[in-house]
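To convert a position in the sequence shown, counted from 1, into my numbering, add 344.
Cβ atoms here follow ideal geometry from the backbone N, Cα and C, with glycine treated the same way.
Here the structure is laid out as structure tokens; the discussion comes afterwards.
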Amino acid sequence: MPYPNETAGKSGHADFVRNPDVARFLDNCSYLREPSPQEAKDLAARFSPAPVSDPPLLPLHVVASDASKSDTPISERLPSTQVGFLKVSHVLVDMQKYANLVNPIDLFVDPFKAAEIHREASPITFTMPGSNIRYRGARSVKDGFRQALFDQFSADRSNSGSGFSLTEVLLKLNGGCINLTSCPSCKHAGTFTFTASAPAQPCAACQQTAYATDFLRLHEGISDFGDNASAMTRMMNAVEHLMLGAFILEVWERAPAKLSELAFVLDGPLAIFGEPAKLSARLQELIHRVNTKLDDLHLRPMLVVGLQKTGGLMDHARLIERHLPRNSYRVVDDDYRQAYVTGADNPADNFGNETYYGQDFLFRTESGRIFNFAVPYPFSDKTFGGSGKGFAAAKVEIHRYGPLIQQACDLIRHFEMDLYDNAVVPIALAHRHASISLSPGGKVLDLMVRARLSK
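Now the structure itself:
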């Protein structure tokens, strides 16, 4: 590691360039590559014409979400002591207002109507203790993180003050009750049962408090001395999907039929990674329960779409997009993923069994842009088909998704834009309100943290 302000030598790369072991290592690596003309022809043959209808199957409202984080040192002299900032933004797009953005006379976008859509954005912020910071005098950084997570999740984040807290949402997704079999602080065996009326309980062994939010296990990624940025990334992923559950539950309890008029668009896959991954199964069950009820009411299913901009599957998609016919799509089955994307030596019986609650598709639009979108699995859990390979086979059977694939394709066609590569308007709006720029946004957070913690 260099000293502060020490620059690297200009010839440091030469030891790698001249080393024959490096060349042999690279020769022995396989990786994603552009397909040959024949391979591209074979891949294109696996795509089918994308579903299309007139009029398109569009919702009345779209809720798009995106999240970002910033890990800010409290002082230039203490770069390893940090506070974590997390921002999740939701944008509500009224389809009628969106259709009226363009003036029919001069074909220009009305800036006042565009500004009105921007005002529909609703960012939510979370502030967490990061590396080397103990919250509220907790005996460790990890225990302080657990308490801060509970405090942040227990606040009512709705504008009216009448909505669910994220702790309540977590309990509702677990059937109203969460059980832990050991203390998250001292690991002493014991039964902790959390409900809406008792979301926190003391541990008889260590006298520390256990919380319902410990179910997410985010604190397990916290170190008393190391960099805790990865734990904040896990939290960001979990919060964004937990907020999806909060929106669905709130509408479900007030006017369930309205969910058929809504579409939720998330930036990223329909998956939750790391310690809170088990939350994905709860969301899968919730979405399936909602859509089963809507089907009973003879209503269109609620659409939830995950859109990935990066990752191995999108890298593969960009390599093959020019070879694919326009307005074509295919389901990304596990064999296809194994052959062209991941290349794992021992692939699991069902890709994403612990983390994913939605199925990936590749879709090239009429305009030539390619998208990786996901829609929720049409099953309440992953035991369908006998689990494992049985579920992996069932999840790629197109007929099981009903109109969801067409709804997703129609939504993407309607909102695709030229401003960014393979982008859609709702996600671009959400990202604009969620992102924390390195400058000036990140700098302002730096100054604020240092001013507050230096008192």
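Residue nearest to residue i in terms of C-alpha spacing, selected from the options
i    : options                : result
S541 : R644, T525, K516, H532 : K516
L748 : P720, G729, A738, A737 : P720
N635 : R490, W596, I616       : W596
Q498 : K531, I477, A544       : One detail in the question is off: residue 498 reads as Ser in this sequence, not Gln. It is A544 whose Cα lies nearest to the Cα of S498.
G565 : F617, R483, E665       : F617
Q703 : D677, D398, G734, R666 : D677
G732 : N694, I468, D495       : N694
Q628 : Y442, E698, M580, K602 : E698
A692 : F707, R644, F735       : F735
R561 : A548, M576, P381       : M576
Q496 : A482, T469, R390, I477 : T469
A554 : S567, A533, T535, P528 : P528
L668 : Q652, F369, P381       : P381
Y701 : V396, K622, L755, G428 : K622
M579 : E741, A394, G428       : G428
F707 : D639, H632, P395       : P395
K726 : T535, S624, R666       : S624
K653 : A718, T539, A601, R674 : A718
T709 : I742, D679, I756       : I756
Element boundaries [alpha helix (DSSP H), containing residue i]
i    : result
A388 : 381–388
S624 : 623–640
D754 : 748–759
I592 : 573–598
G696 : From DSSP, G696 is part of no alpha helix (DSSP H); its letter is neither H nor E.
L304 : Outside the modelled stretch of the chain, which goes from 345 to 799, sits residue 304, for which no answer is possible.
L663 : 656–664
V485 : 485–498
A738 : 732–738
R681 : 678–681
Short Cβ contact (9 angstroms threshold) for residue i with residue j
i    : j    : result
L586 : L630 : no
T471 : A492 : yes
S711 : E760 : yes
G474 : D558 : no
V407 : A607 : yes
V432 : V609 : no
A411 : L436 : no
A523 : T537 : The question names Ala, but residue 523 in the sequence shown is Asn. Yes, the Cβ-Cβ distance between N523 and T537 is below 9 angstroms.
I664 : A384 : yes
A738 : G746 : no
S484 : D568 : yes
T539 : G520 : yes
With 16 other Cβ atoms within 10 Å as the buried cut-off, status of residue i
i    : result
L641 : exposed
Q551 : exposed
P364 : exposed
N671 : buried
R796 : Bear in mind that a pLDDT of 41 at R796, under 50, signals an unreliable position, so the model cannot answer this.
N563 : According to the sequence as given, residue 563 is His; it is not Asn. Buried, by the Cβ-count rule.
E378 : exposed
R480 : exposed
H434 : buried
L387 : buried
K531 : exposed
Q751 : buried
L404 : exposed
P620 : buried
C753 : buried
Q426 : buried
P722 : buried
N716 : buried
P613 : buried
N444 : exposed
A482 : buried
G696 : buried
L763 : For L763, the pLDDT reaches just 47, beneath the cut-off of 50, and the residue's location in the model is therefore unreliable, although a value from the coordinates is still provided. Answer is exposed; the Cβ neighbour count stays below 16.
R666 : exposed
Limits of the unbroken beta strand (DSSP E) element including residue i
i    : result
R674 : 672–675
V609 : 606–611
Y555 : 553–555
G534 : 533–538
I714 : 714–720
R708 : 702–708
Q440 : No beta strand (DSSP E) contains Q440, which is instead part of the alpha helix (DSSP H) from 439–443.
G520 : G520 -> no beta strand (DSSP E), and no H or E assigned at all.
V685 : First-last for V685: undefined, no H or E at that position.
P546 : 544–546
Near the ligand ATP: residue i beta-carbon under 8 angstroms from a heavy atom
i    : result
Y684 : Among the components of this structure there are no ligands whatsoever, and the ligand ATP is therefore not found.
Contact between the region 588–606 and the region 644–652 (3+ Cβ pairs under 8 angstroms): yes
Touching by the beta-carbon criterion (3+ pairs, under 8 angstroms), the region 561–574 and the region 484–499: yes
Validate contact between the region 655–664 and the region 676–687 using beta carbons, cut 8 angstroms, 3 pairs: yes
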